[in-house]
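Notes to accompany the following structure.
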Amino acid sequence: MSVEIRTAGSDEKIGALRPIWHYFGGPAGPEKEQAERMLIPDGRIHVAVDGGEIVAGAGAFEFDLTVPGGPIRAAGPTVVGVLPTHRRRGVLRELMRAQLEDVHARGEPVAVLWASEGGIYGRFGYGLASVTGDMEIPKGHTRFAQPVDWPGSPRLVVADEALRLFPQVYDRVAAETPGMLGRTPEWWEKRTLADSEWRRSGGGELVFAVLERDARPEAFAIYRLNFAYDDGVPTGKTHVVEAMGATPASTAAVWRYLLDIDWMARVEAELLPADHPLFLLLLEQNRMKFRTGDGLWVRLVDIGAALAARGYAEEGELVLEVADAFCPWNDGRYRLDGTKTTAGPDLRLSVDALGSTYLGGFSFADLLRAGRVEEVREGAIARADALFRTDRKP
1 MSVEIRTAGS DEKIGALRPI WHYFGGPAGP EKEQAERMLI PDGRIHVAVD GGEIVAGAGA
61 FEFDLTVPGG PIRAAGPTVV GVLPTHRRRG VLRELMRAQL EDVHARGEPV AVLWASEGGI
121 YGRFGYGLAS VTGDMEIPKG HTRFAQPVDW PGSPRLVVAD EALRLFPQVY DRVAAETPGM
181 LGRTPEWWEK RTLADSEWRR SGGGELVFAV LERDARPEAF AIYRLNFAYD DGVPTGKTHV
241 VEAMGATPAS TAAVWRYLLD IDWMARVEAE LLPADHPLFL LLLEQNRMKF RTGDGLWVRL
301 VDIGAALAAR GYAEEGELVL EVADAFCPWN DGRYRLDGTK TTAGPDLRLS VDALGSTYLG
361 GFSFADLLRA GRVEEVREGA IARADALFRT DRKP
């Protein structure tokens with residue numbers, strides 16, 4: 001292949017992003033502003049160069065990822081794109097190889113991403129690790145099965161106050177929810193709370209609401225109102241960008257607030273976990289029109305380190321024989337403490353299949369039904385599921 005794969009220089013960030021911008025219709029806003037908003041550290045973008053021109057790019061964020069047992073360092077691949085002029089030439093494969101080798105060299109055991117096209121990443125050892133859903137519920141069908149008991153009312157805050165209060169809730173939720181990512185103050189300011197005109201899609205400005213108890217933030221909501229009227233009847237929507245509570249009571253209260261906003265005909269939200277509390281809060285769950293799709297994709301870059309960093313639901317032994325053709329340093333048999341072993345395996349599976357179970361989004365029994373794992377020793381599937389069990393979905 002005549003195309004050169006290398007790390008992008010700090011002055012090449014815009015050029016590295018243009019291949020993916022090509023598919024999304026170009027940057028929404030000035031290129032420099034968009035590049036800075038990406039918050040990709042210097043040295044974390046790989047590019048493919050042909051004849052002096054950047055024809056493909058792949059970046060990576062740096063995150064703390066919550067896994068069962070606590071946080072670990074993780075890479076977050078992003079803005080991966082190859083210009084259509086260079087498709088089917090092995091460019092993406094070599095970009096992914098260079099990126100994963102770099103992640104491994106940096107000591108990040110896991111890579112995790114959201115996929116614009118999920119079928120791409122299984123080729124490189126990523127496994128579907130969670131299911132996510134979108135919901136849209138008519139205003140007339142938002143009754144809860146039980147009344148909400150919350151003292152006081154939510155209050156609206158400006159972005160500066162949200163920047164101070166919301167992380168206090170988010171960090172509590174993220175600490176116990178697999179698949180959630182740590183956020184820096186810069187991430188909150190430039191991504192989560194940013195409200196550029198191009199992000200509004202015809203809706204109003206972002207609104208920030210907080211619920212407090214004893215002067216402590218317990219829940220927050222980030223939402224946008226899309227006001228519309230037809231023949232004197234409200235037809236608009238409340239679009240929930242993000243809402244969460246640190247306790248069951250505050251979670252119910254913040255959603256009750258969102259569902260009760262006047263002059264809106266429906267409420268919609270996306271990227272909700274498969275076990276979202278609304279399923280049991282609402283009286284009419286089917287009215288949510290909950291539509292599921294792929295969520296997080298997880299790639300174990302250092303299987304031993306990833307297994308050692310994870311917590312397990314009970315004591316027990318298990319030997320996993322894992323095949324990894326794309327990252328050959330991973331090939332081998334592992335105990336749950338991360339050590340390699342020559343002992344006979346209990347289960348055989350590929351690295352992408354193991355990635356599907358790592359956060360608790362799928363069970364080994366799920367893999368077995370899909371023909372994605374081999375049970376070498378009788379009872380190993382049940383034992384593995386008991387060990388990897390989590391009490392909530394990623």
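The opening residue of the sequence shown carries number 1 in the numbering used here; numbering runs sequentially from there. All C-beta atoms in this analysis are idealised placements derived from N, C-alpha and C, irrespective of residue type, glycine included. Remember, predicted model here, so these are calculated numbers, not experimental data.
For this session: Take Gly179 and list the residues in its own chain whose beta-carbon comes closer than 6 Å to its own, dropping the five residues that flank it on each side.
Result: Counting from 1 along the sequence shown, the entry for residue 179 is found at position 179. For Gly179, where only same-chain residues beyond five positions count, the Cβ hits under 6 Å are Ser130, Leu296, Leu359, Pro394.
Exercise. Is Leu280 buried or exposed, if buried means 16 or more other CB atoms sit within 10 Å of its CB?
Worked result: Your numbering for residue 280 matches position 280 in the sequence shown. When all chains shown are included, Leu280 counts as exposed.
Exercise. Roughly how many whole angstroms lie between the Cα atoms of Val110 and Gly127?
Worked result: Here the question's residue 110 lines up with position 110 in the sequence shown. Here the question's residue 127 lines up with position 127 in the sequence shown. Taking the straight line joining both Cα atoms gives about 12 Å.
Exercise. Are there 16 or more other CB atoms within 10 angstroms of the CB of Phe63, so buried, or fewer, so exposed?
Worked result: Residue mapping note: residue 63 aligns to position 63 of the sequence shown, counting from 1. When all chains shown are included, Phe63 counts as buried.
For this session: Taking only runs that begin and end inside the region 141-177, name each unbroken alpha helix (DSSP H) of 4 or more residues, in chain order.
Result: 159-174
Problem set entry | Leu283 burial status per 10 Å Cβ neighbour count (16 or more: buried) | As a first step, residue 283 must be located in the sequence shown, where it is residue number 283. When all chains shown are included, Leu283 counts as exposed.
Exercise. Are the region 339-346 and the region 360-371 touching, with three or more C-beta to C-beta distances below 8 Å?
Worked result: no
Exercise. Where does Phe227 sit, in a helix, a strand or coil, going by DSSP?
Worked result: Position 227 of the sequence shown holds residue 227. Three-state result, Phe227: coil.
For this session: Report, in whole angstroms, the separation of the C-beta atoms of Ala8 and His46, which I expect to be a contact under 8 Å.
Result: The residue labelled residue 8 in the question sits at position 8 within the sequence shown. The residue labelled residue 46 in the question sits at position 46 within the sequence shown. Rounded, the Cβ-Cβ distance is 7 Å, consistent with contact.
Problem set entry | Closest residue to Ala309 among Ala159, Phe61, Val67 (Cα-Cα distance) | To locate residue 309, count along the sequence shown from 1; it is residue 309. Of the listed residues, the one whose Cα sits closest to Ala309 is Val67.
Exercise. So, are the CB atoms of Lys340 and Gly304 less than 9 Å apart?
Worked result: Reading the sequence shown from its first residue, position 340 is the one you call residue 340. Reading the sequence shown from its first residue, position 304 is the one you call residue 304. Yes, these two residues count as a Cβ contact at 9 Å.
For this session: Look up Trp410 in the DSSP assignment and say whether it is helix, strand or coil.
Result: Past the edges of the chain, shown from 1 to 394, lies residue 410, and the structure says nothing about it.
Exercise. According to the Cβ coordinates, are Arg287 and Ile137 closer than 9 Å?
Worked result: Taking the first residue of the sequence shown as position 1, residue 287 is located at position 287. Taking the first residue of the sequence shown as position 1, residue 137 is located at position 137. Yes. Within cutoff.
For this session: Would you be able to state if there are at least three C-beta pairs under 8 Å between the region 29-40 and the region 2-19?
Result: yes
For this session: Would you kindly report the start and end of the unbroken alpha helix (DSSP H) that includes Glu31?
Result: Numbered from its first residue, the sequence shown carries residue 31 at position 31. Run containing Glu31: 31-37, per the alpha helix (DSSP H) assignment.
Exercise. Do the region 213-224 and the region 238-250 meet, that is, are 3 or more Cβ pairs less than 8 Å apart?
Worked result: yes
For this session: Could you tell me the boundaries of the beta strand (DSSP E) in which Ile45 lies?
Result: Stepping through the sequence shown from its first residue, residue 45 is reached at position 45. Here the beta strand (DSSP E) through Ile45 covers 45-50.
Exercise. So what's Ile261 in DSSP terms, helix, strand or just coil?
Worked result: Residue mapping note: residue 261 aligns to position 261 of the sequence shown, counting from 1. In the structure shown, Ile261 sits in coil (DSSP, three-state: anything other than H, G, I, E or B).
Problem set entry | Boundaries (first-last residue) of the beta strand (DSSP E) holding Ala75 | In the sequence shown, counting from the first residue as 1, residue 75 sits at position 75. 70-82 is the extent of the beta strand (DSSP E) around Ala75.
For this session: Please report how far the alpha carbon of Tyr334 lies from the alpha carbon of Leu354, in whole angstroms.
Result: Position 334 of the sequence shown holds residue 334. Position 354 of the sequence shown holds residue 354. Approximately 12 Å between the Cα atoms of the pair.
Exercise. Which residue spans inside the region 79-125 form an unbroken beta strand (DSSP E) run of at least 3?
Worked result: 110-114
For this session: Identify which residue in Phe208, Phe166, Asp331 has its Cα closest to the Cα of Asp195.
Result: Numbered from its first residue, the sequence shown carries residue 195 at position 195. The shortest C-alpha separation from Asp195 is found at Phe208.
For this session: Pull up the distance between the alpha-carbon of Ala115 and that of Gly133, whole angstroms please.
Result: The residue you call residue 115 lines up with position 115 of the sequence shown. The residue you call residue 133 lines up with position 133 of the sequence shown. One C-alpha to the other measures close to 14 Å.
For this session: Out of Ala60, Pro77, Lys190, state which residue places its alpha-carbon closest to the alpha-carbon of Leu163.
Result: As a position in the sequence shown, residue 163 is number 163, starting the count at 1. It is Lys190.
For this session: Find out if the Cβ-Cβ distance for the pair Asp385, Ser363 is shorter than 9 Å.
Result: The count along the sequence shown starts at 1 and reaches residue 385 at position 385. The count along the sequence shown starts at 1 and reaches residue 363 at position 363. Yes; because the gap between Cβ atoms is below 9 Å, this pair is in contact.
For this session: Just the C-alpha distance for Arg18 and Leu39, rounded to the nearest angstrom, thanks.
Result: Here residue 18 is taken as the residue at index 18 of the sequence shown, counted from 1. Here residue 39 is taken as the residue at index 39 of the sequence shown, counted from 1. Looking at the two C-alpha atoms, the distance is approximately 16 Å.
Exercise. In terms of DSSP beta bridges, what is Glu426 paired with?
Worked result: This structure cannot settle anything about residue 426, because the visible part of the chain is limited to 1 through 394.
Exercise. So what does Ile14 bridge to, in DSSP terms?
Worked result: Translated into positions along the sequence shown, residue 14 becomes position 14. DSSP lists no partner for Ile14.
For this session: Compute the beta-carbon to beta-carbon distance between Gly204 and Leu225, rounded to the nearest angstrom, for a pair I have assumed lies under 8 Å.
Result: Translated into the one-based positions of the sequence shown, residue 204 becomes position 204. Translated into the one-based positions of the sequence shown, residue 225 becomes position 225. About 5 Å separates the two Cβ atoms, so the contact holds.
Problem set entry | Rounded Cβ spacing between Ala48 and Ile20 (contact assumed at less than 8 Å) | Residue 48 sits at position 48 when you count from the first residue of the sequence shown. Residue 20 sits at position 20 when you count from the first residue of the sequence shown. Contact doesn't hold; Cβ gap of about 13 Å is too wide.
Exercise. So the alpha helix (DSSP H) Ala64 belongs to, where does it begin and stop?
Worked result: As a working note, residue 64 is residue 64 in the sequence shown. Reading off the sequence shown, one finds Asp at residue 64, where the question assumed Ala. Premise fails: Asp64 lies in the beta strand (DSSP E), 53-67, not in any alpha helix (DSSP H).
For this session: Evaluate Ala246 with the Cβ neighbour count: other Cβ atoms within 10 Å of its Cβ, from every protein chain shown; 16 or more gives buried, anything less gives exposed.
Result: Here residue 246 is taken as the residue at index 246 of the sequence shown, counted from 1. Looking at its Cβ environment, which holds 16 or more other Cβ atoms inside 10 Å, Ala246 is buried.
Exercise. Ala252: which of Arg291, Val148, Trp187, Val158 sits nearest, CA to CA?
Worked result: Taking the first residue of the sequence shown as 1, we reach residue 252 at position 252. Out of Arg291, Val148, Trp187, Val158, Val148 has the C-alpha closest to the C-alpha of Ala252.
Exercise. Can Phe166 and Thr184 be called in contact, C-beta distance under 9 Å?
Worked result: Residue 166 sits at position 166 when you count from the first residue of the sequence shown. Residue 184 sits at position 184 when you count from the first residue of the sequence shown. Cβ atoms of Phe166 and Thr184: not closer than 9 Å.
Exercise. Who are the Cβ neighbours of Thr238 in its own chain at under 7 Å, not counting the five residues just before and after it?
Worked result: What you label residue 238 is simply residue 238 of the sequence shown in a count that begins at 1. These residues qualify, in order along the chain: Tyr223, Leu225, Leu258, Ile261, Met264, Val267.
Exercise. Which same chain residues, not among the five before or five after Leu156, have their C-beta less than 7 Å away from its C-beta?
Worked result: Counting from 1 along the sequence shown, the entry for residue 156 is found at position 156. Answer for Leu156: Val207, Phe208, Ala209, listed in chain order.
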